[in-house]
Amino acid sequence: YWELTEGSPEARCFEAIKAKSMTKQELEGAVGKDAAKVGMGNCMKNKWIKKDGDVLAAAVDTIVDDVKIQLSTVSSTPAETNETCLPAKVLTALKKRKLLSLQKRVSFDVSKGSSFSTTRKKKPADLTKEMIDSGEWQDADFKEYNFGTVGSAVGGGYLHPLLKVRAEFRKVLTCMGFEEMPTNKWVESSFWNFDALFQPQSHPARDAHDTFFIKDPAATVSLPKDYYERVVKMHEEGGSGSIGYRYNFKPGDARKNLLRTHTTAVSSQMLYKLANREGGFKPQRYFSVDRVFRNESMDATHLCEFHQVEGLVADYDLSLGDLIGTIETFFRKIGITQLRFKPAFNPYTEPSMEIFGYHPGLKKWTEIGNSGMFRPEMLAPMGLPENVRVIAWGLSLERPTMIKYGVKNIRDLFGHKVDMARTRTAPVCRFD
Numbered sequence: 300y301w302e303l304t305e306g307s308p309e310a311r312c313f314e315a316i317k318a319k320s321m322t323k324q325e326l327e328g329a330v331g332k333d334a335a336k337v338g339m340g341n342c343m344k345n346k347w348i349k350k351d352g353d354v355l356a357a358a359v360d361t362i363v364d365d366v367k368i369q370l371s372t373v374s375s376t377p378a379e380t381n382e383t384c385l386p387a388k389v390l391t392a393l394k395k396r397k398l399l400s401l402q403k404r405v406s407f408d409v410s411k412g413s414s415f416s417t418t419r420k421k422k423p424a425d426l427t428k429e430m431i432d433s434g435e436w437q438d439a440d441f442k443e444y445n446f447g448t449v450g451s452a453v454g455g456g457y458l459h460p461l462l463k464v465r466a467e468f469r470k471v472l473t474c475m476g477f478e479e480m481p482t483n484k485w486v487e488s489s490f491w492n493f494d495a496l497f498q499p500q501s502h503p504a505r506d507a508h509d510t511f512f513i514k515d516p517a518a519t520v521s522l523p524k525d526y527y528e529r530v531v532k533m534h535e536e537g538g539s540g541s542i543g544y545r546y547n548f549k550p551g552d553a554r555k556n557l558l559r560t561h562t563t564a565v566s567s568q569m570l571y572k573l574a575n576r577e578g579g580f581k582p583q584r585y586f587s588v589d590r591v592f593r594n595e596s597m598d599a600t601h602l603c604e605f606h607q608v609e610g611l612v613a614d615y616d617l618s619l620g621d622l623i624g625t626i627e628t629f630f631r632k633i634g635i636t637q638l639r640f641k642p643a644f645n646p647y648t649e650p651s652m653e654i655f656g657y658h659p660g661l662k663k664w665t666e667i668g669n670s671g672m673f674r675p676e677m678l679a680p681m682g683l684p685e686n687v688r689v690i691a692w693g694l695s696l697e698r699p700t701m702i703k704y705g706v707k708n709i710r711d712l713f714g715h716k717v718d719m720a721r722t723r724t725a726p727v728c729r730f731d
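Residues in the sequence shown are numbered consecutively from 300, following my numbering.
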């Protein structure tokens, strides 16, 4: 509250005007501008003064300064009861004029309890071996167990976005009748990675600028002898209507070990086993989703290692129509319905096609995969029946994952710069 030793503003204005009639400007000079602003209006309201032109004059002889009396009453009343010492209407008016303010006081009554101590001692929560050995447990005051409390959140493992998309791809391909190939061996020989696919030894992809070769062990020690000789003959002399590449095959280049550049190195081995299985050839569908390695310049969309999704079908008298139909079925199941096919060249497939899909977000056609029919020069040395055809297609796992999760830079998805928080918060992947 205010302590008004000189009286309220209206009382001060009245005393000044009573002593001498004056104008408003003279009143402001006598009592101050702030006091005149508040006091003159209240004086006029209480009819203590009157206005004659520009001159203010007293209208009564004496006044009672109710505001000063009211504040004195509040001041002299104990704090516990001063809220009721004046009528509520009067207190509200004083608060509105900011002559009073309500303050809340909280009091505590502190006394000694049954467990009072001058030192703090932490209650043990568990019974330990040391307490049993020393006998301390007999006098210890154990902390009570709270069986109603909620435990802390249990942290667990989280699947990386790539693994979530891989799991969904596996589900789709399995539902289409495909069997997964064993692709856990990253190191392959140049024979299975290149030569068995009828890729010439002079091909640029076999250069160190494009492939990671292994220093130790630098070469493989075993290859299927009969099959190896048939592959060499196909490269040097041809067969199945082909004249081959007409060069001297280098056994040393075929035995070089490398980090596989595609999972087709596994496909070639699976087809060889399929051709030479007991009971003869049986139609089969294979797929794989695993890591491959290429010596490429890294940027926002390329890394030296990435994941390849590959599918193949080996059956009698397959055609390009079967390949297109299988591809359309797969991509439709992962939500891509608008496809285009463009003729392309691959060393081990003929005909070959690049696969383009329309991206609604980017509003343009983007390349999403490659495909083709394995060449007879690749299949004949394996021992497959003459009328067996193999259709295959492949795509990267990273690109659809980047589109699905809105990732613009591949290094934010895979590699040492990945944000672990993204792994914990990435939503479940589901293709409708």
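Glycine is no exception: its CB is placed at the ideal position from the N, C-alpha and C atoms. Just so you know, these numbers come straight off a predicted model, no measurement behind them.
When you compare only the Cα positions, how much space is there between residue i and residue j?
i: Gln324; j: Arg404; result: 44 Å
i: Arg469; j: Pro516; result: 33 Å
i: Phe580; j: Glu676; result: 18 Å
i: His502; j: Pro646; result: 9 Å
i: Lys395; j: Cys384; result: 17 Å
i: Tyr546; j: Val530; result: 13 Å
i: Leu462; j: Asp440; result: 51 Å
i: Cys474; j: Lys422; result: 60 Å
i: Ala358; j: Asn341; result: 13 Å
i: Asp621; j: Ala452; result: 51 Å
i: Ile667; j: Glu649; result: 19 Å
i: Asp589; j: Gly578; result: 30 Å
i: Leu303; j: Lys411; result: For Leu303, the predicted model reports a pLDDT of 49, less than 50, meaning its position is unreliable; a value from the coordinates is still stated below. Computed Cα separation, rounded: 45 Å.
i: Gly540; j: Phe629; result: 33 Å
Residue i: which of the options sits nearest, CA to CA?
i: Asp616; options: Val588, Phe673 and Trp491; result: Phe673
i: Asn594; options: Pro582, His508 and Ser489; result: His508
i: Val354; options: Gly447, Ile316, Gly338 and Asp438; result: Ile316
i: Lys555; options: Val608, Ala720, Leu611 and Trp491; result: Trp491
i: Asp438; options: Thr448, Leu426 and Tyr444; result: Leu426
i: Leu661; options: Thr628, Leu619 and Lys707; result: Lys707
i: Ala691; options: Met652, Asn381 and Ala387; result: Met652
Checking the sheet assignment: what are the DSSP bridge partners for residue i?
i: Tyr585; result: Glu478 and Leu611
i: Ile654; result: Phe640 and Gly668
i: Gly620; result: According to DSSP, which records beta bridges pairwise, Gly620 is partnered with nothing at all.
i: Lys350; result: Leu355
i: Ser541; result: Gly538
i: Met321; result: Leu355
i: Ile690; result: Val612 and Met672
i: Ser695; result: Gln607
i: Phe592; result: Glu604
i: Asn345; result: Answer by DSSP bridge pairing: none, since Asn345 is not bridged.
i: Lys663; result: His658
i: Phe512; result: Leu557
Count the other C-beta atoms from every protein chain shown that fall within 10 angstroms of the C-beta of residue i, then say buried if there are 16 or more, exposed otherwise.
i: Gly352; result: exposed
i: Ser414; result: exposed
i: Gln402; result: exposed
i: Ile431; result: exposed
i: Met719; result: exposed
i: Pro684; result: exposed
i: Lys428; result: exposed
Exercise for review: Could you tell me whether the region 305-312 touches the region 351-368, where touching means 3 or more Cβ pairs closer than 8 Å?
Suggested key: Touching, per the Cβ criterion.
contact_flag[the region 623-637, the region 707-726] where n(CB pairs < 8 Å) is 3 or more: Output reads no: the region 707-726 does not touch the region 623-637.
**Cβ contact (3+ pairs, closer than 8 Å) linking the region 695-704 and the region 603-613** = These segments touch.
Check whether the region 470-486 touches the region 525-536, taking contact to mean three or more Cβ pairs, one atom from each stretch, closer than 8 Å. Touching, no, given that fewer than three Cβ pairs across the two stretches are closer than 8 Å.
Quick one: any contact between the region 331-347 and the region 369-382, if contact means 3 or more CB pairs under 8 Å? Here the region 331-347 makes no contact with the region 369-382; the two share fewer than three CB pairs at distances below 8 Å.
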